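Worksheet for the structure shown next.
In the numbering used here, the protein residues as written are 136 to 335.
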């Protein structure tokens, strides 16, 4: 099966610093983070269908453990450790349908400008996991935790930032279990004002 990729996050936003930029009238600048998904090849060929329910995104600003309440708009909120949770409309995605680079838009939300440490994808539930032979499969995320993509990205003023990350089901020996794992070397970050992508 051809290369498949799993997550694309896109944002319109601001200067590449760890401090939020301000417009001339003192207002905090924000941008739109849009998230899409695809699938990376591995053991996905074992599946007739593999449907995940995606429920949120998380990120942390670079070099800053806290963010003031007035710097975030829309559905983003901050935890005690400075990690920001971005609530999205719950979306079900069948990984077996995302072949040959196809993507599925998950959500769009606003973030303030600046640099971010990583992006996490929250998998709320495995809705259906059926193998090609008709048997059901056990599919989980490692530690039942969000999928973390360790690549810094910027939200730049009035520009689009695209974050593309891969993950895939990986069979765990003879146990019959599968883990959904990020693919580190599949992460790409590109910006509207640059002709080529910055690839991890």
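Even glycine gets a Cβ: it sits at the ideal position worked out from N, Cα and C.
Quick caveat: nothing in here was measured; it's all calculated off a predicted structure.
Contact between the region 311-321 and the region 260-274 is present: three or more C-beta pairs spanning the two stretches fall below 8 Å. Between the alpha carbons of residue 295 and residue 270 lies a distance of about 43 Å.
Put simply, of 259, 193 and 197 the residue whose alpha carbon is nearest the alpha carbon of residue 225 is 259. The three-state reading of DSSP puts residue 232 in helix, counting H, G and I together.
Rounded to whole angstroms, the Cβ separation of residue 189 and residue 304 is 15 Å, and the two are not in contact under 8 Å.
By the criterion of a C-beta distance shorter than 6 Å, residue 267 is surrounded in its chain by 183, once the five residues flanking it on both sides are discounted. In the displayed model, residue 178 falls within a helix according to three-state DSSP. Counting the other CB atoms within 10 Å of its CB gives residue 327 a total below 16, which places it among the exposed residues.
Residue pairing by DSSP puts residue 258 in a beta bridge opposite 189. Ranked by how close their Cα comes to the Cα of residue 217, the residues 164, 229, 262 and 193 have 193 in first place. The criterion of a C-beta distance shorter than 9 Å is not satisfied by residue 306 and residue 283. Residue state for residue 321 is assigned as strand, using DSSP reduced to three classes. Assigned with DSSP and collapsed to three states, residue 277 falls in helix. Under DSSP, residue 289 takes part in a beta bridge, and its partners are 250.
When the beta-carbon positions are compared, residue 321 and residue 292 stay at least 9 Å from each other. Under the three-state reduction of DSSP output, residue 272 falls in the coil class, being neither helix nor strand.
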